[in-house]
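J.:
Residue numbers (our numbering): 41 to 178.
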């Protein structure tokens, strides 16, 4: 169970760092699309940067056993928010993954599939963490 737990931790933390780091490189197609389609301009860059910070913080919290559950719950919140937006009329399952040459968007379900998959990985980590939790010393 220990190897399974660490496998989930490493996989999830790497994913969160990878996705979080992308939020700091400049305009992101998803947040740009949401800002333009809803008229809520704060999605690009404020919500993008806040999401990136949350992903990086969640990854850092996952690595240390004492803060792992906090990191898992933060990861669950970030991924749950992503899934809610993918299932809303604001974004959809086929979400923008890149800008194309004419200023439009290249769309794909890849981000929805990744968010769904890592949401399940986070739930599995929470379960494994609870099952292997040591009872408090008396």
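Each residue gets a CB set at the ideal place from its N, CA and C atoms; glycine is no exception.
Name the residue from 127, 146, 144, 103 whose alpha carbon lies nearest to the alpha carbon of residue 45.
T.: Along the chain shown, read from residue 1 onward, the residue named residue 45 stands at position 5. Comparing Cα-Cα distances from residue 45 to each of 127, 146, 144, 103, the minimum goes to 103.
J.: If we call anything under 8 Å between Cβ atoms a contact, is residue 158 one with residue 52?
T.: By 1-based counting over the chain shown, the position of residue 158 is 118. By 1-based counting over the chain shown, the position of residue 52 is 12. Going by C-beta atoms, residue 158 is nearer than 8 Å to residue 52.
J.: From residue 115 to residue 143, what does the alpha carbon distance come to, in whole angstroms?
T.: Here residue 115 corresponds to residue number 75 of the chain shown, with the count starting at 1. Here residue 143 corresponds to residue number 103 of the chain shown, with the count starting at 1. For residue 115 and residue 143, the distance between alpha carbons rounds to 32 Å.
J.: Is residue 135 near residue 70, with beta carbons less than 8 Å apart?
T.: Translated into positions along the chain shown, residue 135 becomes position 95. Translated into positions along the chain shown, residue 70 becomes position 30. Their beta carbons are under 8 Å apart, which means residue 135 touches residue 70 by this criterion.
J.: Hey, which unbroken runs of the alpha helix (DSSP H) at 4 residues or more fall wholly within the region 104-177?
T.: Segments of the alpha helix (DSSP H) lying fully in the region 104-177: 108-126, 150-171.
J.: Could you tell me the distance, in whole angstroms, from the CA atom of residue 127 to the CA atom of residue 148?
T.: For the purposes of this step, residue 127 is taken as the residue at position 87 of the chain shown. For the purposes of this step, residue 148 is taken as the residue at position 108 of the chain shown. Looking at the two C-alpha atoms, the distance is approximately 14 Å.
J.: Does the Cβ of residue 131 have 16 or more other Cβ atoms within 10 Å, making it buried, or fewer, making it exposed?
T.: Position 91 of the chain shown, counted from the first residue, corresponds to residue 131. When all chains shown are included, residue 131 counts as buried.
J.: What is the DSSP secondary structure of residue 84, counted as helix, strand or coil?
T.: Looking up residue 84 in the chain shown gives position 44. Residue 84 carries a coil assignment under DSSP once its states are collapsed to helix, strand and coil.
J.: Whose CA, out of 73, 94, 164, 65, lies closest to the CA of residue 129?
T.: Numbered from 1 along the chain shown, position 89 holds the residue referred to as residue 129. When only C-alpha atoms are compared, the closest one is 73.
J.: Report the three-state DSSP secondary structure of residue 67 (helix, strand or coil).
T.: Here the question's residue 67 lines up with position 27 in the chain shown. Residue 67: coil per DSSP, three-state reduction.
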